[in-house]
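According to mature numbering (1 follows the signal peptide of the UniProt record, and there is no 0), the stretch in the sequence shown is residues -35 to -1, 1 to 921, in order. Each residue gets a CB set at the ideal place from its N, CA and C atoms; glycine is no exception. Below is one structure, written out as C-alpha cells, with a few remarks after it.
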Amino acid sequence: MKPPVPHRRWVLAAATALTLVAGGLVMSVTRPAEAAPVGAGSYTTTPVGPLPTGCDSMSNNPRQFATANAPAGAVPTNDWWSSLLWKRTDCAFSEPLHAHPLSYDTFTDGLGFSANSTPAISGTSTGVGEYHYPYVQDIRVGVAGLDAPQVKVDGWTDWTVSPHWSDAARTMRATIGHGLPFAYFQTTGGDAVISATGTADVWSNSGATVGFRVNGHDYVGYAPSGATWTVSGGRISSTLAGRGYLSVALLPPSTSAAERADLATTYGRYAHAHVTGTTVSYAYNPPTSALTTTYAFTTTAREGTATQTVVSLYPHQWKSLTGSTPITPTYPSARGRMKVLTGVNQFRTAMKFQGVLPELPAVGDGSGADLSTLSNHLAAARANPMDQRGGDTYWTGKGLGRAARLAEVADLVNDTATRDSALNAIRSTLTDWFTASSGKTSKVFYYDGNWGTLIGYPASYGSDQELNDHHFHYGYYIAAAATLAKFDPAWAAKTRYGGMVDLLIRDANNYRRDDTRIPYLRDFDIYAGHDWASGHGSFGSGNNQESSSEGMNFANALIQWGQVTGDTAVRDAGIFLYTTQAAAIQEYWFDVSDQNFPAAFGHSTVGMVWGDGGAYATWFSGEPEMIQGINLLPVTGGHLYLGNNPAYVRTNYAELVRNNGGPPTVWQDILWQFQALGDGDAALANLRANPNYTVEEGESRAHTFHWIRNLAALGTVDTTVTANHPLSAVFSRNGARTYVASNPTATAITVTFSNGTTLAVPAGRTATTGAYTWSGGNASGGVPPVTPPPTDPPPTDPPPPSGSPTRYLLAGGGLGTAGGAATTTVAAANGNHDGTPTNAQVFTATGLNLAYSGGQTTFDLFVDAGTAVGNGVQVRISYDLTGNGSWERVETSRYFATDPVPGYEHYTQSTGLASATGTLGALSNGTVRVEVWSAIGNNPSTVGIGNQSVLRLPYS
C-alpha cells in the first residue's frame, strides 16, 4: 500500500514541470486582538499574524501600483490579471496575462500580444503531465520612444483591466479583457507603433486600417479616420491623425483571403466603440429552476455611432447561449474553441440549476445488517466527530466538514446522540473562531482594511500572505454553520453569529456590489466561470486552481445557508456560482465532451487548471488518486454535479485505475464515493471488499458507507428533471425515478418537479418518493409521489402557480413575482413610532386563493440607513382572508436597528413579533398588505425592492 501524502497545495509534485517563484515573507508583530463586534461574534482589527506581501510597500498599500483613476474601494485579487496590480515576482510589470483568445504581457515600451495556438505538452498520458499554450509574442503595441519604468493599473471592471504606461513625455492606456479579440488604446506623446516578432506579412493597408500576419496569426490595426499606417519591416506605425486612439484585433483563423477580408471589415464596424465597462447580472427563477446570466458591455464611441462590439465565448457559455447566434469562425484557446458574436452589447446564457441536498436520503433496502453497520460507524465517531488534524483555517474547516456530514447522516437515521455531539462540536468551534476577545491571537479572524479581506489565524497554504484559497477554507465553515442553523436557528441569527458567517461569505465571494469594503466576487472569475485559488496569480502560466470541488463546496454552502436562514440574496449568489462553475468544471477539468483538451494530452481529466492550460498534477502529490481525488472532495449532497454524466464518471475512474496500475490504495473512500455516482453497485462491492481502508482526513466511515449504500439503491443522478425548490434531486435506477427534497424550515412545503410530480415535505425533514425501511429519523420520510394523469401531462417547466406564496415587494406598491432591481425610500421617523405605521411604504397583493399550511410568515427585507445613526425600520403584515376589507390577522415585527455602514442589511422575521392579533386561515379572494416605516430615527432609510425584499406566506 502506498503511504498517504499530507493534503494540500504547498509545492508542486516533483514530477511536474511548473515552477513557483516565491516572494519575500514579511512577519508582523503579534499583538493582542482588538475586537469589532458583529452580533454576538467579533473579529479583530489588530494584526495577529503575517499579512499579504509584495513588492515595496504592498503589504500596507495594495494600491501602490494603481493610478488615481482606479476604482475606489477594496482592490480585487485572485483574478486572471492580478499580477499586474499585485506585483510580487516582477516589481515593474506583470507575468503573462491569459485573457483568451489573446494572452498579453507588459514591457517598458508597450503591451505584448500572443495568439499561441500550439500546445506544449509534457509528461505522459499515464502519469503526471501538462498542456500549456505559453506566451509566445507575435506583436507589441506601444508609443514611439516609450520607456515607462513600470506599468500601473488605471481601472478594472468585471472581466477587463486597463494597464497604464507613463514616462516623462509619453503615456499609453490599454483595455484588455476575457473574450475580447480587441485591445483598445489611448496614447499621447508620439506615434503609435506595432512591432512584429520578425517581419509582418501585410495583406492589407488601406487608409486607417492595416491587416497583417505574424507567426500565422492575423491582426488588424484600426486607426482613427483620416490616419494612415507606415510599414517598415516589422514596424508598423501611425500618427493616428493626432487623435490619440486605436484598436488592434486578432482575427479568428480564416480559410481564405476573402473570408479574412470580410472579417476585417466586420470587425472594423465596431473597432472604435471601445469597451469601457463589463458587468454581469444573474437571476434565479425557482419555479423553473432556471438561471439566466447576462454579460453586458459598456462602450464609448471614439468616433462613429456604433455602440456594439465583438466578443468571443468560452464553451460553457456558447453551449448555454440564448437569444444570439455566433458567426462561423472560432478561436482556438486553452479552454477549447471560442465562438464569436458580432454587433452585440450583451449576451445571455440560460442554464438549469439541478438542485442540491444537505445529504443523500437514507433509503436502504430492508437490510437490517446495513443499518446496524451504519449505526456502529456513527457510534464510533460520536466521541470525536471533527477528528481535526490541524489547528489552522483549512484543517479546522476539514474537521467541521466531517462533523457536518455526521450530523446530517445521524439525523436521517434518528441517532440523536451522534447528531448532537457533532452539532455541539460545530457550535463550540465556530463560536470560538467567531469571537475575537481581548488578547486573543489564535482561532480568530482579522479584517485588513487595506486589502479588504478577512484572514483567519492560524492561516495556511498562503491564505494570509498570498490571500490564497479563502473559498476553500471558509466554505467548510459556512457549510457547517448551515447544518447547525437547521437545528439551532437562534445561534445563526444576525444578532448572534449569522453576521460572522455572512462576513466569511463576503470575503471569499462578496455577493453585494454596494459593499466596497471587500471586492465583488473576489475568488470567482466571472467570465471564465470558475474560481482562481492564488491571490496574486504571479506565475508564467497565469492564475491557477486545483480543487474545483472545494470551490463548489463554497457555492453549495451559500445555497444551504441562504435557504435555511431565509437569505435569498445569499442563496441566489450560491446558485449562480454553483451552476456556472458546474458547467465550467465539466468543460475544463473533466472535458466530458472530449473537445477542449489537446488530443495528444492523453488524459480525461486534470488536477489543476492554469490560465494557459491544465495539468494532470497537484501542488502536493504525483499520485493519480490525489490528482483526480482533489477535484472530488469533500463529498456532500452539494456535489451531485459530479454525477451529472454517469458515463464520464466511469471513464474518469477507469483512467485512475489505469494510471495507478490497479485500484486506488489511498483516498479510497473519496474515489469509491465518486464511483458510486456512475456505478453504485461496483462502488459498494469495493467498499465491502476493503473494510480496513484508511479514512481520508476529512471523511468518516459512517458517511462513506451511507453515501455508497444509498446511491446503490437510488441509482444515478437524473438531470432531465428539475424542481421548484433548490434543495432537491432526482435519481434513476433501472428506469424508476426517486424524487428527493429537503425542507429545513418550520413550515411544511410541497415541491413540484418539472415533469409534474409533486412531493409533500414536512417541516424539518427530507422526503423521498416511495417507502424505505431504515428508521425515519428526525429529517427523513418516505412519501408517495403524486403524478399528473398521463393523458394531460404538464409542461416540462410549469409557470409559477396562481397565488404563489412567495411575493416580492415591487415598485408601485405591488406584491408579486420578482421584477427588476429597484429601491424605495422610507421617510425618517423624527419621533418614536414603534408599533404605529407612520408615512409607511405599502405593498399589496389581492385576489389570493391559497391553502393555509401552518407555520409563520417569513420575510427578508433589504434595508440600508447609509451612515445614519439610530434608525430603526419596522414592518407590519396584515391578512384579509376573504377580501372584504376586514383584517383577520395582523403581525407587527419588532423594529430592526440598522447600522451606520453603507450597504444592505437583512431584516427578517428572526427579530421576533412585537404583537400579533387574530388567526390565519385559508385565503379566498384574499388580500395581503405589507407596511414598512421608520419606527425611530431622524434620517430616511432605503429598502431594496423588485428582486430583493421578499415575503413568504405560510400557504401552499
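Alpha carbon to alpha carbon, what distance is there between D646 and G233?
-> The alpha-carbon of G233 is positioned some 59 Å away from that of D646.
State buried or exposed for Q913, treating a residue as buried only when at least 16 other CB atoms are found within 10 Å of its CB.
-> So Q913 counts as buried.
Are there 16 or more other CB atoms within 10 angstroms of the CB of L76, so buried, or fewer, so exposed?
Buried is the label assigned to L76, since at least 16 other Cβ atoms lie within 10 Å of its Cβ.
Checklist entry - Do you know offhand how far H239's Cα is from I491's? => result Cα to Cα, H239 sits roughly 20 Å from I491.
- Item | Extent of the continuous alpha helix (DSSP H) run through F519 | Start and end: 513 to 530.
- By how many angstroms is the C-alpha of D352 removed from the C-alpha of A382? Distance between the alpha carbons of A382 and D352 is about 17 Å.
So, using beta-carbon positions, are I901 and A794 closer together than 7 Å?
Yes. Within cutoff.
Cut-off 6 Å between Cβ atoms - residues of its own chain near A677, not counting five sequence neighbours on either side
The residues are G645, D646, L649.
Can you confirm whether the segment 208 to 218 touches the segment 170 to 184 when touching is taken to mean that 3 or more C-beta pairs between the two stretches lie within less than 8 Å?
Yes, the segment 170 to 184 touches the segment 208 to 218.
TODO: May I ask which residues mark the beginning and end of the alpha helix (DSSP H) holding G587?
DONE: G587: not part of any alpha helix (DSSP H); DSSP gives it neither H nor E.
(Q) I believe H568 touches S190 by the beta-carbon criterion, under 8 Å. Please report the beta-carbon distance rounded to the nearest angstrom. (A) The pair is not a contact, with the Cβ atoms about 50 Å apart (cut-off 8 Å).
Checklist entry - Going by C-alpha distance, which of A547, G500, G505, G333 is nearest S513? => result Checking every option, the nearest Cα to that of S513 belongs to A547.
- Quickly, what does DSSP pair R673 with across the bridge? List them, please. The amino acid occupying residue 673 in the given sequence is Ile; Arg does not appear at that position. BP columns for I673 are empty, so no partner.
Practice problem: Give the single residue among T406, Y411, P727, T396 whose Cα lies nearest to the Cα of A457. | Solution: Ranked by Cα distance from A457, the options T406, Y411, P727, T396 are led by T396.
> Within 10 angstroms of its Cβ, does D166 collect 16 or more other Cβ (buried), or is it exposed?
Replying inline: Flag for D166 reads exposed.
Cα-Cα, which of A229, L419, T162 is closest to T11?
-> Nearest C-alpha to T11: L419.
Collapsed DSSP secondary structure at N896 in the structure displayed: Before going on, a small fix: residue 896 reads as Glu here, not Asn. Strand.
Item checked: beta strand (DSSP E) runs contained entirely in the segment 795 to 821, provided each spans 3 or more residues -> For secondary structure counted as the beta strand (DSSP E) over 3 or more consecutive residues, the segment 795 to 821 holds these complete runs in sequence order: 806 to 815.
| said: Three or more C-beta pairs under 8 Å: does that hold for the segment 445 to 454 against the segment 374 to 394? | reply: Three or more Cβ pairs closer than 8 Å define a contact, and the segment 445 to 454 meets that threshold against the segment 374 to 394.
Where P599 falls, given that 16 or more other Cβ within 10 Å makes a residue buried = Counting Cβ neighbours within 10 Å, P599 comes out buried, since at least 16 surround it.
* **According to DSSP, residues forming a beta bridge with D70** => DSSP lists G77 as partners of D70.
key: Unbroken beta strand (DSSP E) run spanning C265, endpoints   = In the sequence on display, residue 265 carries Thr and not Cys. Start and end: 255 to 266.
- Please go through the segment 91 to 160 and give each complete beta strand (DSSP E) segment of 3 or more residues, from N-terminal end onward. The segment 91 to 160 contains these whole beta strand (DSSP E) runs: 94 to 97, 104 to 108, 116 to 121, 125 to 131, 136 to 142, 147 to 153.
>> Within a Cβ cutoff of 6 Å, which residues of the same chain sit near R478, ignoring the five residues on either side of it in sequence?
In response: Here the set comprises Y485.
task = Rank G362, A538, L256, Y235 by C-alpha distance to the C-alpha of G308 and give the top, closest one.
result = The option with the nearest alpha carbon to G308 is Y235.
Under 8 Å by Cβ, that's how I've got M137 and V108 pegged, so tell me the actual separation to the nearest angstrom.
Rounded, the Cβ-Cβ distance is 5 Å, consistent with contact.
Helix, strand or coil for S665 per DSSP? Reduced to three states, the DSSP call for S665 is coil.
Query - Exposure label - A299; buried when at least 16 CB within 10 Å - result: By the beta-carbon neighbour count (other beta carbons within 10 angstroms, threshold 16), A299 is buried.
Within 10 Å of its beta-carbon, does P865 have 16 or more other beta-carbons around it, so buried, or fewer, so exposed? Around the beta carbon of P865, a 10 Å sphere encloses fewer than 16 other beta carbons of the protein chains shown; the residue is thus reported as exposed.
**Asked** In chain order, what residues of the same chain lie with their CB nearer than 8 Å to the CB of M517, ignoring the 5 residues before and after it?
**Response** In the same chain as M517, and ignoring 5 residues on each side of it, the C-beta atoms closer than 8 Å to its own belong to Y543, Q546, A547, I550, G603, H604, Y606, in chain order.
**Asked** How far does the beta strand (DSSP E) with S171 in it reach, from first residue to last?
**Response** It spans 166 to 171 - the beta strand (DSSP E) in which S171 sits, taken as one unbroken run.
- Task: Starting from P2, trace the beta strand (DSSP E) both ways and give me its first and last residue.
- Result: Run containing P2: -1 to 3, per the beta strand (DSSP E) assignment.
- Do three or more CB pairs link the segment 777 to 791 to the segment 857 to 874 at distances below 8 Å? No, the segment 777 to 791 is not in contact with the segment 857 to 874.
| query | Cα-Cα, which of H65, E870, Y426 is closest to S277? | reply | For the residues H65, E870, Y426, the minimum Cα distance to S277 belongs to H65.
Using the Cα positions of A327 and A619, report the straight-line distance between them to the nearest angstrom.
Rounded to the nearest angstrom, the two C-alpha atoms are 28 Å apart.
**Prompt:** Per DSSP, what kind of secondary structure is I842 in: helix, strand or coil?
**Reply:** I842 falls in the strand class under three-state DSSP.
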